[in-house]
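Chemist: Protein chains in written order, with this note's numbering: chain A, 18 to 290; chain B, 134 to 421. Structure incoming, see below.
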Amino acid sequence: MIPWRVRQRLVAATLGTVVGLFLLYQWLPLLIMAVLSFTGPEGGTTFPMRGVSLHWYGELFRVQMIDDFKPPMARSVALALACSITTATLSVAAAQAMRARFRGSGVYFYLILLGVMAPGLLVGFGVALLARMFGLGLAWYSSTFAVHIVWTLPFGFLTMLAVFNRFDRRLEEAALTLRATRWTTFWRITFPLVLPGVIGAGLFGFTLSYDEFARSLFATGPEQTLPLVIYAQFDRQLQPTLYAIGTMTTIVSLGAVTVFALLFRLVKRRNRI
Amino acid sequence: MSPLRERAAVSYVLAAPGGLWMLVALVAPTLFIAWVSFWASRTFALSNALTLANYVKFFTRPAYVRVLGDTVEQAIVMMLITGVIGYAIAYFLVVHVRRPAFQLALFLLLVVPFWTSALIRTIAWIPFLGVNGVINQALLLLGIVDRPVEAFLFTRTGITLAQTSFYTLLATGPVVYTLRNIPRSLPEAAQCLHATPLRVFWRIVFPLTLPGVVIGQILVFLNVMADFATAQAIGGHKLAFLGNLVILLYESGQLTFAAVVGVLLMIAMLLGVAVLLKVVDIRRLGAP
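See the structure below:
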């Protein structure tokens, strides 16, 4: 019989190896894509690299070579910001409503959650069909925005539900017994305490929308978002420009996460005092 | 009524915007797809007669039925793979990593690629899988094979390899959450009563994390069922799942038939989730 401690070590070592290999598995493709994006003008989409250059990044800014990616990128960022604010607002309202367990709240819960379960491609497909029936045009700021919220709201909603589930009701009750109005109680007591959750909901809104393409595919008009432009490249001859776009948009995503993380820490620290 | 109790009227007002949004942009379009799938004519008109012929057409074509089978099979394979790896990662993170700094570092290393765009990560797999790809170059270098293997790009193996890296963390997250909530005293009590570590795991720890496992499995299932981009990029035009079929039909103007495939995809997804939800009530998640 192997002693207990040794066995524990063995399990830890095995699991640790699994985690290590998985990390490699996650990072290696991204790192290699980043490295290959710096290949020389003669370079292809795999190793060996032919020299080191910024050629393919330069190519991105030369409009004729590839569909100009700057307007789509601007659209994607604008859309993501709008989704961030809308998701945070709607999910706070919806989760606050759920606290009262109103009649029909069970159905309501699943109605919101349906947004995660419904396959994105089909949501966009349905919206495209509806728009066609009513003779309405599709655009990134209307139909695409609508289907993105369908995707982001459930995440914000679940975040806020979890936050409210752990919320200490006595703090609100104390304010209410001291004759604060519900409005005042919400803004002075509840909201500051759940603010980290609200930031989380906003982060979901931003990043999920920024990367979304399944819902956008059928629902976006001629003015495309960045993921759609990238998706369109799948069918063409693969070029290192794609790696350059990939590396750049990854940096934007990570930048957004960092900004939200800093905000989150700021609020947490302020709440502690 | 106590002044401390939330009032229902206010709740309805607060709940309305989100609910209406879902009804207009999600429920209505979905129902409309279902309606279109029964249209007897290919012209786009509400006055179309309704028929079941479109569904009959789907199920009498072996090629289409095979796509349905492939999609479900891929989802089950991915659930098994991500379930095992995802649980192992979660268990290591919660049970074996004690130092908070190390825990945070590992967490970030895992989550950062997860937050990057699915499309970009798909693209990142392409230089790996090709005949001249990184995997083949590594295999040649190590002397494991003497000729490049063509088994990765344009194959199900390639799709599975890529999807494993995309979806494993979906299975990890909920398990981490439920593992954290297990009081230490429970496994300790079992150990005091001389249960073997394996028995402690299977009788105490695993059942308590089951809700997390099931939620993870639901997330993986839904994502794999709806995934078409991985098949598009890595499978080329040789392989298709139901999502690819919808796009193909949509692009060739066969809207009613695209709707049929869409409806079948949704039914398959709903059935899968219904089965998985029999196991746990997700509304309890997050409660203390």
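C-beta atoms are modelled at their ideal positions from N, C-alpha and C, and glycine is treated no differently. All values derive from a computational prediction rather than experimental measurement.
1) For V230/B, which three-state DSSP category applies?
2) Hey, out of E206/B, F177/B, P233/B and W248/B, whose CA is closest to Y227/A's CA?
3) Could you check what DSSP says for V69/A in three-state terms: helix, strand or coil?
4) Tell me the DSSP secondary structure of S135/B in three-state form.
5) Once you ignore the five residues that flank R67/A on each side, which residues in its own chain have a CB closer than 7 Å to its CB?
6) Buried or exposed for A148/B, going by 16 or more other Cβ atoms inside 10 Å?
7) Mapping the DSSP letters down to three states, classify L183/B as helix, strand or coil.
8) Quick test of your reading: P260/B and M50/A, contact by CB under 8 Å. State the CB separation rounded to the nearest angstrom.
9) Assuming A362/B and F374/B make a contact with CB atoms under 8 Å, what is their CB distance in whole Å?
10) Going by C-alpha to C-alpha distance, which of A251/B, A142/B, G216/B and Y197/B sits closest to V346/B?
11) Quick one: Cα of R286/A to Cα of A278/A, how far?
12) In the structure shown, what three-state DSSP assignment does T176/B receive?
13) With DSSP run on the structure shown, which of helix, strand or coil describes M82/A?
14) What do you reckon, are the CB atoms on M358/B and M399/B nearer than 7 Å?
15) Please report how far the alpha carbon of V146/B lies from the alpha carbon of R205/A, in whole angstroms.
16) Nearest chain B C-beta to G152/A closer than 7 Å, yes or no?
17) Answer with yes or no whether the minimum CB distance from M82/A to chain B is below 7 Å.
18) For a contact meaning CB atoms closer than 7 Å, what does V274/A contact in chain B?
19) Could you confirm whether any beta carbon from chain A is found closer than 7 Å to the beta carbon of S144/B?
20) Can a CB atom of chain A be found closer than 7 Å to the CB of I166/B?
21) Using C-beta distances below 6 Å, list every residue in its chain close to L378/B, excluding the 5 sequence neighbours before and after it, in chain order.
22) Which residues mark the beginning and the end of the alpha helix (DSSP H) in which L159/B is found?
23) Under a CB-based cut-off of 7 Å, is D185/A close to chain B?
24) Measure from the alpha carbon of F221/A to the alpha carbon of each residue in T104/A, L47/A and F251/A, then state which is nearest.
25) Distance check for T224/A and C100/A, CA to CA, integer angstroms please.
26) In the structure shown, what three-state DSSP assignment does T329/B receive?
27) So which of G141/A, V284/A, T266/A and G173/A has the shortest CA-CA distance to F86/A?
28) At a Cβ cut of 7 Å, what residues of the segment 214-226 of chain A count as close to chain B, listed as they run along the chain?
29) For A161/B, go through chain A and note every residue whose CB falls closer than 8 Å to its CB, in chain order.
30) Within a Cβ cutoff of 6 Å, which residues of the same chain sit near S93/A, ignoring the five residues on either side of it in sequence?
Modeler: The short version:
1) Along the second sequence, one-based indexing puts residue 230/B at 97. Residue state, collapsed to three classes: coil.
2) Against the first sequence, residue 227/A aligns to sequence position 210. Among E206/B, F177/B, P233/B and W248/B, the Cα nearest to that of Y227/A belongs to W248/B.
3) Working through the first sequence from its first residue, we reach residue 69/A at position 52. In the three-state reduction of the DSSP assignment, V69/A falls in the strand class, which pools E and B.
4) Working through the second sequence from its first residue, we reach residue 135/B at position 2. Residue placement at S135/B cannot be trusted, given a pLDDT of 48 that sits under 50; what the coordinates show is reported in the next sentence. In the three-state reduction of the DSSP assignment, S135/B falls in the coil class, being assigned neither a helical nor a strand state.
5) Numbered from its first residue, the first sequence carries residue 67/A at position 50. Listed in chain order, the non-local C-beta contacts of R67/A below 7 Å within the same chain comprise T56, G57, E59 and G60, local neighbours out to five positions each way being set aside.
6) In the second sequence, counting from the first residue as 1, residue 148/B sits at position 15. The Cβ neighbour count for A148/B, taken over all protein chains shown within 10 Å, is at least 16; the residue is labelled buried.
7) Looking up residue 183/B in the second sequence gives position 50. In the displayed model, L183/B falls within a strand according to three-state DSSP.
8) As a working note, residue 260/B is residue 127 in the second sequence. As a working note, residue 50/A is residue 33 in the first sequence. So it is a contact: roughly 7 Å between Cβ atoms.
9) As a position in the second sequence, residue 362/B is number 229, starting the count at 1. As a position in the second sequence, residue 374/B is number 241, starting the count at 1. For a cut-off of 8 Å, the C-beta gap from A362/B to F374/B is around 10 Å, too long to register as a contact.
10) Here the question's residue 346/B lines up with position 213 in the second sequence. The candidate whose alpha carbon is nearest that of V346/B is G216/B.
11) The residue you call residue 286/A lines up with position 269 of the first sequence. The residue you call residue 278/A lines up with position 261 of the first sequence. The alpha-carbon atoms of R286/A and A278/A are separated by roughly 12 Å.
12) Counting from 1 along the second sequence, the entry for residue 176/B is found at position 43. DSSP places T176/B in coil when its eight states are reduced to three.
13) Residue 82/A sits at position 65 when you count from the first residue of the first sequence. With a pLDDT of 48 at M82/A, under the threshold of 50, the modelled position of that residue is not reliable, and the figure given next carries that caveat. Reduced to three states, the DSSP call for M82/A is coil.
14) The residue labelled residue 358/B in the question sits at position 225 within the second sequence. The residue labelled residue 399/B in the question sits at position 266 within the second sequence. With respect to the 7 Å criterion, M358/B and M399/B are not classified as neighbours on the basis of their beta carbons.
15) In the second sequence, residue 146/B corresponds to position 13, counting from 1. In the first sequence, residue 205/A corresponds to position 188, counting from 1. Taking the straight line from one Cα to the other gives about 21 Å.
16) In the first sequence, residue 152/A corresponds to position 135, counting from 1. So no, G152/A is outside the interface.
17) As a position in the first sequence, residue 82/A is number 65, starting the count at 1. Per-residue confidence for M82/A stands at a pLDDT of 48, beneath the threshold of 50, marking its modelled position as unreliable; no derived number is given.
18) For the purposes of this step, residue 274/A is taken as residue 257 along the first sequence, with counting starting at 1. Here the neighbours are W248.
19) In the second sequence, the residue the question calls residue 144/B occupies position 11. By this cut-off, S144/B is an interface position.
20) For this step, residue 166/B is matched to residue 33 along the second sequence. Yes, because at least one Cβ of chain A sits closer than 7 Å to the Cβ of I166/B.
21) Start at 1 with the first residue of the second sequence, and residue 378/B comes out as number 245. Sequence-distant partners of L378/B (beyond 5 residues in either direction) whose C-beta falls short of 6 Å from its own C-beta, in its chain, are V200 and V394.
22) The residue given as residue 159/B occupies position 26 in the second sequence. Looking at the DSSP string, L159/B is not in any alpha helix (DSSP H), and its letter there is neither H nor E.
23) Position 168 of the first sequence holds residue 185/A. Chain B contact via Cβ: absent.
24) Stepping through the first sequence from its first residue, residue 221/A is reached at position 204. It is T104/A.
25) Within the first sequence, numbered from 1, the residue matching residue 100/A stands at position 83. Within the first sequence, numbered from 1, the residue matching residue 224/A stands at position 207. Answer to the nearest angstrom: the Cα atoms are 9 Å apart.
26) For the purposes of this step, residue 329/B is taken as the residue at position 196 of the second sequence. Three-state result, T329/B: coil.
27) Locating residue 86/A in the first sequence gives position 69, where the first residue counts as 1. Comparing Cα positions, the closest option is T266/A.
28) Taking 7 Å as the Cβ-Cβ cut-off against chain B, the residues of the segment 214-226 of chain A that qualify are T224.
29) Counted from its first residue, the second sequence places residue 161/B at position 28. Against A161/B, the close residues of chain A are G143 and L147, in the order they occur along the chain (beta-carbon pairs closer than 8 Å).
30) Looking up residue 93/A in the first sequence gives position 76. Residues of the same chain with a CB within less than 6 Å of the CB of S93/A, apart from the 5 flanking positions on each side, are Y227, T242 and L243 in chain order.
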